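Heads up: the structure comes next, in C-alpha cells.
Spelled out as C-alpha cells, the structure:
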C-alpha cells in the first residue's frame, strides 16, 4: 500500500467516526423543579392525569427531531432536577407524600435529583445559580449537544447564551396556563435567547403532536396497574 492510500484510509476512518458522532444527537434535560411541579399539579387538577417523565422525554426527543434535522438518532442521555426542599417540620404531611412520590418517579426516569435545603425566610434562594452552574458544566464537559431547559425563568438567559457560545444548542420547554392558584408562562427574553422554544400546552391542539401530547399523562388506573405488578 502506498503512502497516499494510507492517508486516504486514515481520512476515511476519521470522517466515518465524525459523522457517526454527529448522527447521534445527545440531549440533556434540566428541570426547574418548582416550575415543573406547579405544571404537574395544574394538569392533575384539570383531570389530564399525572405528567410522566419518561413519556415527556420521548415527546422532547420527537419534537427536537423536527427542529434539528440531519441526525439519525435523538436521545435524552442525561437529566437533572433542581429544587429546594422544606424541612420536615415545616412541610405538610400531604406535601411530604407527594414529594416522595415525585422522588420515586425521578429515580424510575433516571433523572438525577439535585435538592438544596430551603431557607425559612428566603425560600429557594440560590437554586437558580445551582442549576445554571451544573448545567453549564455538563455542556462544557461535552456530554450533550442540546440542552433542554424546562423553565420559564428569565434568570436563565445568561446560561442560555453561555451554552450556545460553547456550541450547545438550547431548547426552552415551558408550560402556559392559568388557574386560581398559579400561572405558568415563559419570560420573553428567554424565548428569544434560545435556539428553539416550545409551549407544551400548545401541543394539545397541534396536528402533528396532539396524539402524543395525550401520552405524557399517566392515569390513576395506570398507577393501580403498576402497584399490582409490583405486589406480585
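Numbering (my numbering), first residue to last: 32 to 263. Every residue, glycine too, gets a C-beta built ideally from N, C-alpha and C. Please read these numbers as outputs of a predicted model, since none were measured by experiment.
Leaving aside the five residues that flank residue 109 on each side, the residues in its chain whose CB is nearer than 7 Å to its CB run, in chain order, 59, 169, 174 and 175.
With at least 16 other beta carbons inside 10 angstroms of its own, residue 82 counts as buried.
Apart from the 5 residues on each side of it in sequence, residue 164 has no Cβ closer than 8 Å to any other Cβ in its chain. By DSSP's assignment, residue 251 forms no beta bridge with any residue.
Sequence-distant Cβ neighbours of residue 243 in its own chain, meaning closer than 7 Å and more than five residues away, are 90 and 93. Exposed is the label assigned to residue 100, since fewer than 16 other Cβ atoms lie within 10 Å of its Cβ. Judged by DSSP in its simplified three-state form, residue 236 adopts helix. Taken through DSSP and simplified to helix, strand or coil, residue 80 comes out as coil. Closest option to residue 57, judged by alpha-carbon separation, among 77, 88 and 65: 88.
Annotation for residue 244: no beta strand (DSSP E) segment contains it, though the alpha helix (DSSP H) segment containing it runs 241-246. Under DSSP, residue 56 takes part in a beta bridge, and its partners are 105. Between residue 64 and residue 113, the beta carbon gap of about 5 Å places them in contact (Cβ cut-off 8 Å).
Under DSSP, residue 88 takes part in no beta bridge, so it has no partner.
For residue 114, DSSP records a beta bridge to 146.
When the Cα atoms are used, residue 188 and residue 209 turn out to be separated by approximately 24 Å. In the three-state DSSP reduction, residue 99 falls in the coil class, being neither helix nor strand.
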